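Just below is one structure, and these are the notes that go with it.
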Amino acid sequence: REVAEIRGDLVEAAWGNQIRNYVFHPYQMVKDLRTNEETTAIEDVMNGDLNPFIQAYLQQENQLVESQSA
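The opening residue of the sequence shown carries number 203 in my numbering; numbering runs sequentially from there.
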């Protein structure tokens with residue numbers, strides 16, 4: 203049970219289970235579909251800088267926990 207809690211929810215990697223959209227042309231944008239966080243710094247994201255998306259996800263999870271405990 204502890205392993206399942208650490209691993210979190212597992213989802214099948216199937217069509218329609220997208221986390222982010224990447225647009226390269228005619229403009230540049232990356233959008234996280236879980237949090238609606240967007241950035242035009244697509245080169246940074248492609249180089250591994252996912253911090254804005256991670257922070258937005260953690261803030262969303264924190265707000266959910268706070269609302270459930272209130």
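We treat Cβ as the ideally placed atom computed from N, Cα and C, and that holds for glycine. On a predicted model such as this, the values are computed, not experimentally measured, just so you know.
- Put simply, the stretch 235-244 touches the stretch 255-268. At least three CB pairs are less than 8 Å apart.
- Ile221 sits away from Asp211, with the two beta carbons spaced by 8 Å or more.
- At a Cβ-Cβ threshold of 8 Å, Ile244 and Phe226 count as neighbours.
- Counting along the chain, Arg222 sits inside the beta strand (DSSP E) bounded by residues 222-225.
- Secondary structure note for Asp246: it is in no beta strand (DSSP E), and the uninterrupted alpha helix (DSSP H) holding it is 244-248.
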